[in-house]
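**Q** Handing you this structure, nothing more for now.
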Amino acid sequence: MENHSPALTEFKLNVPKTLNSLDMDMVHKMLEKVKYWHFNPEQAPRVLLISGVGGKAFCAGGDIKMVYESGIGKLDPSIKAKFFHDEYVLDYSLTQMRPLQISIWNGIVMGGGVGVSVHAPIRVATDNTVYAMPETGIGFFTDVGGAYFLSRIKHNIQHGLYLGLTGQRIKARELVQWGIATHFVPQTHIEGLYKDLKEKVRRESSDKEIHDIVNSHSDLTVDQTPIPDEKEIEWLFQNDSILDIVTRIEKDATPFGEKVRKQIASLSPLSLAVVFEQIKRGKTMGLKEVFEMEYKISQGFTNHTEFFEGVRALLIDKDRNPQWKYKHVRDVTQKDLDHFFNRDDVLDLTLKQ
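UniProt numbering puts the sequence shown at residues 1 to 353.
See the structure below:
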């Protein structure tokens, strides 16, 4: 945590050996400071920067191994509930605080890293930024407010369904084309951006003045290029049903259809069904409602064998050969979905002293 000036504070995610993956300690340190600003607004800076240390990653996700070990009894069983509870409280509280947040996506940004940064009003991609929400590959779901931002990408739910279901990676300038990043700042301009923010941001700075500083270092032409394969995405990922989406993909003979077919072949059919329902519901929800829904879903997965099989295959044994209980999305019933959406788990987003 670095105070550059009374008007500018920076949270630096600083565990490079884990690609700055969020653990409980990191979540609590950030949440403690955000709580302090909430109850002492006169002490809050005008701008909060969040960045990653090490050059490779902003943040590659949450500490899923810790959640896995909690679930199999190696760690305190309560961790798998507390981690997601506190992480979601942090993510939501960042959107409600007085400081204007600027996320500097210097490297990989995935999963939990998306959660602490994607809801910021200013999201800066650079040359080495790689974004993805690849949770369907480990038998999990696109959480951290994913139902909110994915359902609203470019005001087009098909785009969000494509990204959320497939885990497709988006890089560098493409992030502005997709509407995921608000700005693209070339790596050679990042130092200058920091210098100007440190020198020019004041407590009384307006939102426009802060945006103007970021704009002055940004390539403002990147948003003019259309998204690749946009028409195919909008055709395949209509929000009628997950079975209809998968059926269209299975029948699509185009090169893009073949690419997507390969992408989803190894993914969890249960996760695909849940993520479709999650994003579709999120389109009509506010952010607070989305986090409350996603907390229920998180506890559904951390009390389901599919999540533990996915983590085992991808992150523990690393055989990359998960043996999914559900072989196709048609095998997922409404009763299966109720396990995730109709639960008693409650997320209290109120900050307490």
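Don't be surprised by glycine CBs; every beta carbon is placed ideally from N, CA and C.
Is it the case that the Cβ atoms of Met1 and Phe11 are separated by a distance below 8 Å?
**A** In this structure, Phe11 lies closer than 8 Å to Met1 by Cβ.
**Q** Mind checking which residues open and close the beta strand (DSSP E) that includes Lys12?
**A** From DSSP, the beta strand (DSSP E) with Lys12 extends over 8-13.
**Q** My understanding is that Ile157 touches Ile180, with C-beta atoms under 8 Å, so please give their C-beta distance in whole angstroms.
**A** Wrong, their Cβ atoms sit about 15 Å apart, outside the cutoff.
**Q** Nearest to Val144 by alpha carbon, out of Glu289, Pro99, Pro226?
**A** The shortest Cα separation from Val144 among Glu289, Pro99, Pro226 belongs to Glu289.
**Q** Could you give the C-beta distance for Pro16 and Val53, rounded to a whole number, given that I count them as a contact under 8 Å?
**A** Right, their Cβ atoms sit about 6 Å apart.
**Q** Taking contact to mean at least 3 C-beta pairs separated by less than 8 Å, is the stretch 120-134 in contact with the stretch 102-112?
**A** Flag = yes, the stretch 120-134 and the stretch 102-112 touch.
**Q** Sort Phe341, Glu32, Pro45 by Cα distance to residue 357 and report the nearest one.
**A** The structure shown does not extend to residue 357, since the chain is modelled only from 1 to 353, so the question has no answer here.
**Q** Let me check understanding here. Comparing Cα to Cα, which of Ser51, Asp336, Leu349, Asn321 lies closest to Gly137?
**A** Nearest C-alpha to Gly137: Asn321.
**Q** Quick check on the burial criterion: 16 or more other C-beta atoms within 10 angstroms. Buried or exposed for Leu267?
**A** Buried: at least 16 other Cβ atoms inside 10 Å.
**Q** Around the C-beta of Asn3, are 16 or more other C-beta atoms found within 10 angstroms, so that it is buried, or is it exposed?
**A** Exposed.
**Q** Could you tell me whether the Cβ atoms of Gly112 and Gly62 are closer together than 8 Å?
**A** Yes; because the gap between Cβ atoms is below 8 Å, this pair is in contact.
**Q** Who pairs with His159 in a beta bridge, going by DSSP?
**A** Answer is none; His159 lacks a bridge partner.
**Q** Going by the beta-carbon positions, is the gap between Asp252 and Leu236 smaller than 8 Å?
**A** Closer than 8 Å, so yes.
**Q** Touch check for the stretch 241-248 and the stretch 196-210: three-plus C-beta pairs under 8 Å?
**A** Touching, no.
**Q** Span of the alpha helix (DSSP H) holding Tyr68?
**A** First-last of the alpha helix (DSSP H) with Tyr68: 64-71.
**Q** Work out the CA separation of Val185 and Gln101 for me, nearest whole Å.
**A** One C-alpha to the other measures close to 16 Å.
**Q** Rounding to the nearest angstrom, what Cα-Cα distance links residue 362 and Asn40 in this structure?
**A** Because residue 362 is not part of the residues shown, which for the chain are 1 to 353, the question remains open.
**Q** Considering only residues of the same chain and omitting the five flanking positions on each side of Tyr148, which have a CB-CB separation below 6 Å?
**A** Answer for Tyr148: Gly282, Leu287, Val290, listed in chain order.
**Q** Could you pull the start and end residues of the beta strand (DSSP E) that Val222 belongs to?
**A** First-last for Val222: undefined, no H or E at that position.
**Q** Does the stretch 254-261 come within contact of the stretch 293-310, defined as at least 3 CB pairs closer than 8 Å?
**A** The stretch 254-261 is not in contact with the stretch 293-310.
**Q** Give me, in chain order, the residues of the same chain whose beta-carbon lies closer than 8 Å to that of Asp91; leave out the 5 immediate sequence neighbours on both sides.
**A** So the qualifying residues of the chain are Gly115, Val116, His119, Val144, Gly145, Phe291.
**Q** Which ranges does the alpha helix (DSSP H) cover as unbroken runs of at least 4 residues, wholly within the stretch 150-216, from first to last along the chain?
**A** Listed in chain order, they are 157-166, 174-177, 187-200, 207-215.
**Q** Roughly how many angstroms separate the alpha carbons of Lys33 and Glu294, rounded to a whole number?
**A** Going by the C-alpha atoms only, they are around 24 Å apart.
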